[in-house]
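**Student:** Please read through the structure below; I'll follow up with questions.
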Amino acid sequence: MATTVNFIRRLVLTLIVALPVIFVSQANAQSPILDRVLDRGVVKVAMTGDQPPFNVVSRSGMFIGYDVDLAQALANAMNVELEIIKVPFPELISALQAGKADMVISGMSITSQRSKQVSFVEPYMVSGKSLLATSERMAQLEQDGGFNRLGIKVAALKSSTSKTLVQLNIPKAEIVGVNNYEEAIQLIRDRKVDALFADMAICKLAVLRNPNDDFVTLQRPLSMEPIGVAVPHGDLHFFNLVRNFMVSYERVGLMTKLRSKWFDNGEWLAQLP
């Protein structure tokens, strides 16, 4: 964890002049969420801990990943400690609404339905959906007419956009809801589902991590989705504060460096359980 914190601190060093101006101007306005964050000296961020490379619990029990580094950068900018709240994906929004967390950073796609429940800061990444299956099963399905057929079972994370897209694009297939990706991968191994429908980054990682399973994924994503930080409705000042930090991070190249670290470099894979 110390390595991650030092990495973030080095990257945000160029912001020491600009960010205090942003922070002071926003902090002087009324903001219930920011007030409670500053009062306790901790910002609470909800994430699943099982969405590598976005976020995952390492073999040492520490949270690592793209979302974790971003959350740490935001905590550093607010001059508070970071506390990560581990929450299953289907419960992330309800945890935010209940005040158990101050924001959600967990590879969450921005959708119109979710936007009715929470406010999304502008996207920090664009992701795409793909399919994961064994090479043998993928070839069979392509030969037999694809996935949109009765008798085909596709796993998808519960309450995810993946599940919604399966319903819309391959309505004849049976959807098997899972709580995490490891559960879905085991279902593929056990031949209880034909494939997993998930973010392309998740599918590519599964191929890399499980070479003995002969997994394959698509060469191109089936869709494109913006991913954003979710904050509670109704606190415009806190929303603007987080947004200003995010815009600054993009401008100074922090987001580019984080994307390269977690999506283009596989060194972190050695930390996985």
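Numbered by mature numbering (1 follows the signal peptide of the UniProt record, and there is no 0), the letters in the sequence shown go through residues -29 to -1, 1 to 244 in order. Quick reminder that beta carbons are idealized off the backbone N, C-alpha and C, glycines included.
Between which two residues does the beta strand (DSSP E) holding Glu145 run?
**Tutor:** Per DSSP, Glu145 belongs to the beta strand (DSSP E) from 145 to 149.
**Student:** Buried or exposed: which applies to Asp38, given that a residue is buried once 16 or more other Cβ atoms fall within 10 Å of its Cβ?
**Tutor:** So Asp38 ends up on the buried side.
**Student:** So does the segment 175 to 184 actually touch the segment 80 to 93, counting three or more Cβ pairs closer than 8 Å?
**Tutor:** No: the two stretches stay apart, fewer than three of their Cβ pairs being nearer than 8 Å.
**Student:** Here's the rule I'm using: 16 or more other beta-carbon atoms within 10 Å means buried, otherwise exposed. How should Ala241 be labelled?
**Tutor:** Its Cβ having fewer than 16 others within 10 Å, Ala241 is exposed.
**Student:** Using DSSP bridges, identify the partner residues of Gly99.
**Tutor:** Gly99 pairs with Met195.
**Student:** Cβ atoms of Ile56 and Val16: under 8 Å apart, would you say?
**Tutor:** Cβ atoms of Val16 and Ile56: closer than 8 Å.
**Student:** Residue range of the alpha helix (DSSP H) that Thr135 falls in?
**Tutor:** Note, Thr135: alpha helix (DSSP H), 132 to 140.
**Student:** Three-state secondary structure (DSSP) at Ala172?
**Tutor:** Note: Ala172 maps to helix in three-state DSSP.
**Student:** On the premise that Leu243 lies in contact with Pro23, defined as a C-beta separation below 8 Å, what is that separation, rounded to the nearest angstrom?
**Tutor:** So it is a contact: roughly 7 Å between Cβ atoms.
**Student:** Determine the direct distance from the alpha carbon of Ala127 to that of Leu136, and round the result to whole angstroms.
**Tutor:** Near 10 Å, if we compare the C-alpha coordinates of Ala127 and Leu136.
**Student:** Taking the straight line between their C-alpha atoms, what separation do you get for Asn47 and Gln111?
**Tutor:** Rounded to whole angstroms, Asn47 to Gln111 spans 50 Å at the Cα level.
**Student:** Strictly by DSSP, which residues pair up with Leu167?
**Tutor:** In DSSP, Leu167 forms a bridge with Leu103, Ala126.
**Student:** Can you give the Cα-Cα distance for Pro94 and Gly36, rounded to whole angstroms?
**Tutor:** When rounded, the distance between both Cα atoms is 17 Å.
**Student:** DSSP state of Ile81, grouped into three classes?
**Tutor:** If DSSP states are grouped into helix, strand and coil, Ile81 belongs with coil.
**Student:** Can you say whether Leu139 is buried or exposed, counting buried as having 16 or more other CB atoms within 10 angstroms of its CB?
**Tutor:** The residue in question, Leu139, is exposed, as its Cβ has fewer than 16 Cβ neighbours within 10 Å.
**Student:** Using 8 Å as the threshold, is the C-beta distance between residue 301 and Lys232 below it?
**Tutor:** Since the first residue of the chain shown is -29 and the last is 244, residue 301 is not available in this structure.
**Student:** Which full runs of the alpha helix (DSSP H) of 4+ residues lie inside the segment 39 to 76, going along the chain?
**Tutor:** Taking only runs of at least 4 residues, the alpha helix (DSSP H) segments lying wholly in the segment 39 to 76 are 63 to 68.
**Student:** Can you pull the DSSP bridge partners for Ile35?
**Tutor:** Per DSSP, Val27.
**Student:** Thinking C-beta only, is Phe60 closer than 8 Å to Lys129?
**Tutor:** Contact: yes.
**Student:** Please return the same chain residues whose Cβ sits closer than 8 Å to the Cβ of Leu193, not counting the five positions on each side in sequence.
**Tutor:** Result list for Leu193: Gly99, Lys100, Ser101, Leu102, Leu136, Asn140, in chain order.
**Student:** DSSP state of Leu225, grouped into three classes?
**Tutor:** Helix, per DSSP.
**Student:** Starting from Ser90, follow its DSSP beta bridges and name the residues at the other end.
**Tutor:** Looking at the DSSP assignment, Ser90 forms a beta bridge with Val202.
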